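S.K.: In terms of our numbering, the sequence shown is residues 561 to 839. Please find one structure pasted underneath; my questions will follow.
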Amino acid sequence: MLEFLSPRLKEAVSHVELGRLFELRVRAARPLYGNISGTFVPLGRCGPVKKPQNALHPTQEEVDETLFSACGYSVHAVENELRQGFVTAAEGERVGIAGTFVFEGGRVLSVNGVTSLCIRVPHAVRGCAEEIYRRCLMEGLCSLLLLSPPGWGKTTLLRDLARLVSERTGANILVSDERGELSAGETGPTSDIIRFADKATAFTAGIRAMRPDLIVTDELLPEDYGAVARAIAGGVSVFASAHLTRFEDVPQKLFDRYVILQGIGGIGQVLGEDGNVLA
Numbered sequence: 561m562l563e564f565l566s567p568r569l570k571e572a573v574s575h576v577e578l579g580r581l582f583e584l585r586v587r588a589a590r591p592l593y594g595n596i597s598g599t600f601v602p603l604g605r606c607g608p609v610k611k612p613q614n615a616l617h618p619t620q621e622e623v624d625e626t627l628f629s630a631c632g633y634s635v636h637a638v639e640n641e642l643r644q645g646f647v648t649a650a651e652g653e654r655v656g657i658a659g660t661f662v663f664e665g666g667r668v669l670s671v672n673g674v675t676s677l678c679i680r681v682p683h684a685v686r687g688c689a690e691e692i693y694r695r696c697l698m699e700g701l702c703s704l705l706l707l708s709p710p711g712w713g714k715t716t717l718l719r720d721l722a723r724l725v726s727e728r729t730g731a732n733i734l735v736s737d738e739r740g741e742l743s744a745g746e747t748g749p750t751s752d753i754i755r756f757a758d759k760a761t762a763f764t765a766g767i768r769a770m771r772p773d774l775i776v777t778d779e780l781l782p783e784d785y786g787a788v789a790r791a792i793a794g795g796v797s798v799f800a801s802a803h804l805t806r807f808e809d810v811p812q813k814l815f816d817r818y819v820i821l822q823g824i825g826g827i828g829q830v831l832g833e834d835g836n837v838l839a
């Protein structure tokens, strides 16, 4: 994990327990920060430090080196991902990028001058979705949506939910992994995976080719709800997540259950399809 980091960054991270490191913020000529157990702290060459001025300050060359390594030393091989503002490294680490986006004909042509990286570290937390399974799925499959701000563990919960359903029911599961992050871990023995396709393509091709009972996907955008609606109308259950915090803000009320997270990995309210709180 994180083998693509440049040497000084790798040294800093080596002093942090990987199981507690959720995210790494690498900015050229600015302090290095790590999200450790939900709190961002500055990182020096020997791990956490108290003051940002004592943190490691990555150079532009180190940002470039880390990104190039995360791309497998072939930018052309991942140019479609880069145009979407991220690249997925070898072990499922999602590397978000900030720089200068170049447009042509209304679409992103390339990203130049990358100065910041947001590296999200995937974690397999076996059993973390047990409470959701108990509260939502004991009577059989249904469609559910996890709601929370970014970084609260939705992807980890979805991955474990897929594993639980696969192992306990034997249902055929299609994992629609648009960013290569959701499938970076155990999703169960009856899961099939489509990576790096947009949800409309993955849902359409997956339903035709793989006949899933359940589709699991991450980070719904407003334009994705049409694909979800067609899947559910066709008898396929859907587990998904969205960067939302309120039931009222869900663009289309398609799901049977809405799980509102409370803190990192914490399960708060479970709402029914009408938005009412369930016991």
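By construction, the Cβ of each residue, glycine as well, lies at the ideal position given by its N, Cα and C atoms. Predicted, not measured: the structure shown is a model, and the values here were computed from it.
Among Ala650, Glu571, Ile733 and Asp737, which one has its Cα closest to the Cα of Cys631?
M.R.: Your numbering for residue 631 matches position 71 in the sequence shown. Ranking the options by Cα distance to Cys631, first place goes to Ala650.
S.K.: By how many angstroms is the C-alpha of Cys606 removed from the C-alpha of Phe756?
M.R.: Residue mapping note: residue 756 aligns to position 196 of the sequence shown, counting from 1. Residue mapping note: residue 606 aligns to position 46 of the sequence shown, counting from 1. The straight-line gap from Cα to Cα measures roughly 36 Å.
S.K.: Let me know the secondary structure DSSP gives Thr716 once reduced to three states.
M.R.: Taking the first residue of the sequence shown as 1, we reach residue 716 at position 156. DSSP, read as helix, strand or coil, puts Thr716 in helix.
S.K.: Name the one or two DSSP bridge partners that Pro602 has.
M.R.: As a position in the sequence shown, residue 602 is number 42, starting the count at 1. Bridge partners of Pro602: Tyr593.
S.K.: Using 8 Å as the threshold, is the region 580-587 in touch with the region 595-615, meaning 3 or more CB pairs across them?
M.R.: Enough Cβ pairs lie closer than 8 Å, so yes.
S.K.: How far does the alpha helix (DSSP H) with Ala802 in it reach, from first residue to last?
M.R.: In the sequence shown, residue 802 corresponds to position 242, counting from 1. For Ala802, there is no enclosing alpha helix (DSSP H); the residue is found in the beta strand (DSSP E) stretching over Ser797 to Ala802.
S.K.: Are the region 817-836 and the region 737-757 touching by the rule of at least three beta carbon pairs closer than 8 Å?
M.R.: no
S.K.: Tell me which residues share the same chain as Ala760 and place their Cβ nearer than 6 Å to its Cβ, disregarding the 5 neighbours each side in the sequence.
M.R.: Looking up residue 760 in the sequence shown gives position 200. Excluding sequence neighbours, Ala760 sits near Ala787.
S.K.: Please report the distance separating the alpha-carbon of Gly656 from that of Val681.
M.R.: As a working mapping, residue 656 is identified with position 96 in the sequence shown. As a working mapping, residue 681 is identified with position 121 in the sequence shown. Their Cα atoms are separated by approximately 11 Å.
S.K.: Taking 8 Å as the threshold (C-beta atoms), are Ala800 and Leu781 in contact?
M.R.: Within the sequence shown, numbered from 1, the residue matching residue 781 stands at position 221. Within the sequence shown, numbered from 1, the residue matching residue 800 stands at position 240. Against a cut-off of 8 Å, the Cβ pair of Ala800 and Leu781 comes out as no contact.
S.K.: Restricting to Cα atoms, I'd like to know which of Thr626, Thr599 and Gly665 is closest to Lys570.
M.R.: Here the question's residue 570 lines up with position 10 in the sequence shown. Checked all of Thr626, Thr599 and Gly665; the closest Cα to Lys570 is Thr626.
S.K.: Please confirm whether Glu653 and Ile692 have their CB atoms less than 8 Å apart.
M.R.: Locating residue 653 in the sequence shown gives position 93, counting from the first residue. Locating residue 692 in the sequence shown gives position 132, counting from the first residue. Contact flag unset, no.
S.K.: Comparing alpha-carbon positions, which option in Arg790, Gln620 and Asp720 lies nearest Ser743?
M.R.: Here the question's residue 743 lines up with position 183 in the sequence shown. Answer by Cα proximity: Asp720.
S.K.: For Gly700 and Arg568, what's the separation of their Cα atoms in angstroms?
M.R.: Here residue 700 is taken as the residue at index 140 of the sequence shown, counted from 1. Here residue 568 is taken as the residue at index 8 of the sequence shown, counted from 1. For Gly700 and Arg568, the distance between alpha carbons rounds to 50 Å.
S.K.: Output the distance between the C-alpha atoms of Gln644 and Pro772, rounded to the nearest integer angstrom.
M.R.: Along the sequence shown, read from residue 1 onward, the residue named residue 644 stands at position 84. Along the sequence shown, read from residue 1 onward, the residue named residue 772 stands at position 212. Taking the straight line joining both Cα atoms gives about 28 Å.
S.K.: Going by DSSP, what residue range makes up the beta strand (DSSP E) through Asp624?
M.R.: Mapped onto the sequence shown, residue 624 falls at position 64. Counting along the chain, Asp624 falls outside any beta strand (DSSP E), though it belongs to the alpha helix (DSSP H) covering Gln620 to Ala630.
S.K.: Could you name the residues of the same chain whose beta carbon sits closer than 6 Å to that of Phe628, not counting the 5 residues immediately before and after it, in chain order?
M.R.: For this step, residue 628 is matched to residue 68 along the sequence shown. Cβ within range, chain order: n/a, list empty.
S.K.: Would you report the Cα separation of Gly713 and Gln620, rounded to the nearest angstrom?
M.R.: As a first step, residue 713 must be located in the sequence shown, where it is residue number 153. As a first step, residue 620 must be located in the sequence shown, where it is residue number 60. Computed Cα separation, rounded: 30 Å.
S.K.: Looking only at its chain, what residues have a beta carbon closer than 6 Å to the beta carbon of Phe763, apart from the 5 residues adjacent to it on each side?
M.R.: In the sequence shown, counting from the first residue as 1, residue 763 sits at position 203. Result list for Phe763: Ala787 and Ala791, in chain order.
S.K.: Hey, Val623 and Thr675 are a contact pair by Cβ (cut 8 Å); roughly how many whole angstroms apart?
M.R.: Translated into positions along the sequence shown, residue 623 becomes position 63. Translated into positions along the sequence shown, residue 675 becomes position 115. That pair is a contact at about 6 Å.
S.K.: Let me know the secondary structure DSSP gives Val725 once reduced to three states.
M.R.: Position 165 of the sequence shown, counted from the first residue, corresponds to residue 725. In the structure shown, Val725 sits in a helix (DSSP, three-state: H, G or I).
S.K.: Would a C-beta distance cut-off of 8 Å place Leu707 and Thr777 closer than the cut-off?
M.R.: Position 147 of the sequence shown, counted from the start, is the residue given in the question as residue 707. Position 217 of the sequence shown, counted from the start, is the residue given in the question as residue 777. No, these two residues do not count as a Cβ contact at 8 Å.
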